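The structure appears below as structure tokens.
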Amino acid sequence: MADDLRSLYDRCIRCGLCLNACPTYRVLGEELDSPRGRIYQVAQADQGRIEIDAAFRLHMDRCLDCRACMTACPSGVNYGAIIEYTRAQLLEQQPLKFWQRWLLHGLIPRPRRRRAAARLIRFAQRTGIDRLGPAQARLCPPLDADPFAASGQVIPAEGERRARVIFLPGCVQCELLPQLNRATVRVLARQGCDVVVPPAFGCCGALHVHAGDRAFARQLARSNIAALEAIPADVVISNASGCGAQLKQYAELFDEDPAWRGRAAAFAARVQDATEFLDHLGLRRDLLGPIPAVATYQDACHLAHAQRIREAPRTLLRQIPQLELREMERSDQCCGSAGIYNLQQPAIAAQLAADRVAAFRATGACILATANPGCSLQLAAALPPPVQVLHVLELLDLSHAAARR
2 MADDLRSLYD RCIRCGLCLN ACPTYRVLGE ELDSPRGRIY QVAQADQGRI EIDAAFRLHM
62 DRCLDCRACM TACPSGVNYG AIIEYTRAQL LEQQPLKFWQ RWLLHGLIPR PRRRRAAARL
122 IRFAQRTGID RLGPAQARLC PPLDADPFAA SGQVIPAEGE RRARVIFLPG CVQCELLPQL
182 NRATVRVLAR QGCDVVVPPA FGCCGALHVH AGDRAFARQL ARSNIAALEA IPADVVISNA
242 SGCGAQLKQY AELFDEDPAW RGRAAAFAAR VQDATEFLDH LGLRRDLLGP IPAVATYQDA
302 CHLAHAQRIR EAPRTLLRQI PQLELREMER SDQCCGSAGI YNLQQPAIAA QLAADRVAAF
362 RATGACILAT ANPGCSLQLA AALPPPVQVL HVLELLDLSH AAARR
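In this note's numbering, the protein residues as written are 2 to 406.
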């Protein structure tokens, strides 16, 4: 393994403070399925003391890459880089499985195929065929007949113009959660932003990096940087915390390519999460109407642990009139979504979701607020109506609508 990887794992002092923060350790109770245990295995493999066999791969695959251990670590170990570089090494020896390659290369980055797949899913949902499929099919919500399709549009600010932003609609949320993207655009425009939806922006590559496929992620990054760097705007906004975290780390993909690293760093400096941006901008309180309900907030891993943004979503929610915000126990514990983890490790993902459901019910809330589409899908599948699982931007959109009534 690379020397730079060795410098990363050598920082671990094996104190064990990461153990209780690690979702897989909490579920499985196995040292080798903890951050400390995985770092130990990586170091042993690097030094030739153990083989990279099926057991080694299993422990690496079970990691959610949620970064909770990085929040807990007193030594500043960059565990996210360790697991992602390790997976890249493993991928060189054993390629992605057919279904993984089809999903990551053949479907998610390709809008036309995603739309075709969405039409098939809608047909299955209307006819009830989806109920005959695997349990993972329940992760897909009832699909809107109209996917989000505002590419190339500029939505003007309402009232006083306060900023010009580029909004990145993401991949799967265009088909699976189009209402979230529409709500995001409405909120940004209502709060005084000209919203540019770029005509050519593809998958951010987060899922590919998590799977170790850094080469394909670099292809996606180059295309995205070239598409956006000439568009004038104050910031680039994502409403998906996993995407936002990856976009902010684009420069890391080009460690050995100085030309692209500089362009990637300049691009990453413009990226903000939607909640981060609105918190900095400051909400116009006169535009917010009441939502008389009790809500709790589930921290998205790549917002709380990777981007270190915790207070912005809560600050926004507290400004909604009559919305009572109650804290949930271990709100930054992973829900089990983690990209495509709930497809790869469904049993562990289900246990993590059940833990979040229990914590939610203990609050007595009727609304579970999130800041990431993947979390929304995972938690909505685990919490049937009348519970509402809503992104922070969807709640702000509802508050805007209430003010207009």
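The C-beta atom is built at its ideal place from N, Cα and C for all residues, glycine as well. Note that this is a predicted model, so its numbers are computed, not measured.
Ala301 beta carbon less than 8 Å from that of Cys376: Residue mapping note: residue 376 aligns to position 375 of the sequence shown, counting from 1. Residue mapping note: residue 301 aligns to position 300 of the sequence shown, counting from 1. In this structure, Ala301 lies closer than 8 Å to Cys376 by Cβ.
Buried/exposed call for Ser152, threshold 16 Cβ in 10 Å: Start at 1 with the first residue of the sequence shown, and residue 152 comes out as number 151. Per the 10 Å Cβ criterion, exposed.
For His281, the first and last residue of its enclosing alpha helix (DSSP H): Here residue 281 is taken as the residue at index 280 of the sequence shown, counted from 1. That run of the alpha helix (DSSP H) goes 275 to 282.
Rounded separation between Asp5 and Leu391 - CA only: For the purposes of this step, residue 5 is taken as residue 4 along the sequence shown, with counting starting at 1. For the purposes of this step, residue 391 is taken as residue 390 along the sequence shown, with counting starting at 1. Roughly 40 Å between the two C-alpha positions.
Leu121 classed as buried or exposed, judged by whether at least 16 other C-beta atoms fall within 10 angstroms: Here residue 121 refers to the residue found at position 120 when the sequence shown is read from its first residue. Result: exposed.
According to DSSP, residues forming a beta bridge with Ala296: Here residue 296 refers to the residue found at position 295 of the sequence shown. DSSP output for Ala296 lists Leu326, Ile368 as bridge partner(s).
Rounded separation between Gly160 and Ala234 - CA only: Here the question's residue 160 lines up with position 159 in the sequence shown. Here the question's residue 234 lines up with position 233 in the sequence shown. If you draw a straight line from the Cα of Gly160 to the Cα of Ala234, it comes to about 18 Å.
Nearest candidate by alpha-carbon position, reference Ala296, set Gln389, Pro385, Ser224: Against the sequence shown, residue 296 aligns to sequence position 295. The candidate whose alpha carbon is nearest that of Ala296 is Gln389.
8 Å contact criterion, which Val166 and Val196 should meet: CB distance rounded: Residue numbering aside, residue 166 sits at position 165 when the sequence shown is read from its first letter. Residue numbering aside, residue 196 sits at position 195 when the sequence shown is read from its first letter. Their Cβ separation, rounded to whole angstroms, is 6 Å, which keeps Val166 and Val196 in contact under 8 Å.
Run of the beta strand (DSSP E) containing Arg331, from where it starts to where it stops: Within the sequence shown, the letter at position 330 stands for residue 331. It is not in any beta strand (DSSP E) - Arg331 carries neither H nor E in the DSSP assignment.
From Pro291, Gln90, Ser8, Leu92, residue whose alpha carbon lies closest to that of Ala402: Along the sequence shown, read from residue 1 onward, the residue named residue 402 stands at position 401. It is Pro291 whose Cα lies nearest to the Cα of Ala402.
His281 classed as buried or exposed, judged by whether at least 16 other C-beta atoms fall within 10 angstroms: Your numbering for residue 281 matches position 280 in the sequence shown. Answer is exposed; the Cβ neighbour count stays below 16.
Limits of the alpha helix (DSSP H) - the one that Ala383 falls within: For the purposes of this step, residue 383 is taken as residue 382 along the sequence shown, with counting starting at 1. It spans 374 to 383 - the alpha helix (DSSP H) in which Ala383 sits, taken as one unbroken run.
Selection from Ala231, Ala146, Leu105 that minimises the alpha carbon distance to Val210: Reading the sequence shown from its first residue, position 209 is the one you call residue 210. Answer by Cα proximity: Leu105.
Same chain, Cβ closer than 7 Å to Leu65, neighbours up to 5 away in sequence not counted: For the purposes of this step, residue 65 is taken as residue 64 along the sequence shown, with counting starting at 1. Excluding positions up to five away in sequence, the list reads Pro24, Thr25, Cys335, Ala339, Tyr342.
Per DSSP, cross-strand counterpart(s) of Arg165: Indexing the sequence shown from 1 puts residue 165 at position 164. Per DSSP, Asp195.
Contact the stretch 80 to 92 vs the stretch 208 to 222: 3+ CB pairs below 8 Å: yes
Endpoints, alpha helix (DSSP H) assigned at Cys242: In the sequence shown, the residue the question calls residue 242 occupies position 241. Residue identity differs from the one stated: residue 242 is Ser in this sequence, not Cys. 242 to 249 is the span of the alpha helix (DSSP H), which, as asked, contains Ser242.
Assigned exposure category for Leu369 - 16 Cβ within 10 Å defines buried: If you number the sequence shown from 1, residue 369 lands on position 368. With 16 or more other Cβ atoms within 10 Å, it is buried.
Leu140 versus Gln48: straight-line alpha-carbon distance, rounded: In the sequence shown, residue 140 corresponds to position 139, counting from 1. In the sequence shown, residue 48 corresponds to position 47, counting from 1. Cα to Cα, the separation comes out at about 41 Å.
Val173 and Ile238 closer than 8 Å at C-beta: Your numbering for residue 173 matches position 172 in the sequence shown. Your numbering for residue 238 matches position 237 in the sequence shown. Going by C-beta atoms, Val173 is not nearer than 8 Å to Ile238.
Straight-line Cα distance separating Pro96 from Ala73: Within the sequence shown, residue 73 is the residue found at index 72, counting from 1. Within the sequence shown, residue 96 is the residue found at index 95, counting from 1. Going from the Cα of Ala73 to the Cα of Pro96 covers about 33 Å.
As assigned by DSSP and simplified to three states, the class of Glu65: Here the question's residue 65 lines up with position 64 in the sequence shown. A quick correction: the sequence has Leu, not Glu, at residue 65. Coil at Leu65, not helix or strand.
Option nearest Glu395 by Cα separation, candidates Ala89, Val186, Gln101: Start at 1 with the first residue of the sequence shown, and residue 395 comes out as number 394. Each of Ala89, Val186, Gln101 was checked against the Cα of Glu395, and the nearest Cα belongs to Val186.
Under 8 Å between C-beta atoms of Leu181 and Pro314: Numbered from 1 along the sequence shown, position 180 holds the residue referred to as residue 181. Numbered from 1 along the sequence shown, position 313 holds the residue referred to as residue 314. Going by beta carbons, Leu181 and Pro314 fall outside the 8 Å limit.
C-beta atoms of Ser242 and His303 nearer than 8 Å: Within the sequence shown, the letter at position 241 stands for residue 242. Within the sequence shown, the letter at position 302 stands for residue 303. Closer than 8 Å, so yes.
Member of Ala246, Glu328, Ile232, Leu29 whose CA lies at the smallest distance from the CA of Ala348: Position 347 of the sequence shown, counted from the first residue, corresponds to residue 348. Out of Ala246, Glu328, Ile232, Leu29, Leu29 has the C-alpha closest to the C-alpha of Ala348.
Reduced DSSP secondary structure (H/G/I, E/B, other) of Ala404: For the purposes of this step, residue 404 is identified with residue 403 of the sequence shown, where counting begins at 1. Note: Ala404 maps to helix in three-state DSSP.
Outcome for Thr371 when other beta-carbon atoms lying within 10 angstroms are tallied against a minimum of 16: Residue numbering aside, residue 371 sits at position 370 when the sequence shown is read from its first letter. Buried, because 16 or more other Cβ atoms sit within 10 Å of the Cβ of Thr371.
Alpha helix (DSSP H) runs wholly inside the stretch 26 to 64, at least 4 long, in chain order: 36 to 47, 55 to 62
Best match in Ala118, Gln126, Val155 for proximity to Pro148 [C-alpha to C-alpha]: Taking the first residue of the sequence shown as 1, we reach residue 148 at position 147. Sorting Ala118, Gln126, Val155 by C-alpha distance to the C-alpha of Pro148 places Ala118 at the top.
Contacting residues, own chain, Cβ-Cβ under 7 Å from Arg7 (five flanking each side not counted): On the sequence shown, residue 7 is found 6 positions in, with the first residue counted as 1. Answer for Arg7: Asp47, listed in chain order.
Proximity of His407 and Arg37 at Cβ, strictly below 8 Å: Residue 407 is absent from the model: the chain starts at 2 and stops at 406.
CB contact flag (Leu177, Leu221, <8 Å): In the sequence shown, residue 177 corresponds to position 176, counting from 1. In the sequence shown, residue 221 corresponds to position 220, counting from 1. Contact flag unset, no.
Contact check, Glu330 vs Ala363, beta carbons under 8 Å: Here the question's residue 330 lines up with position 329 in the sequence shown. Here the question's residue 363 lines up with position 362 in the sequence shown. In contact: Glu330 and Ala363 (Cβ atoms closer than 8 Å).
Leu1 - DSSP class collapsed to helix/strand/coil: Residue numbering for the chain in the displayed model covers 2 to 406; residue 1 lies beyond these limits and cannot be assessed.
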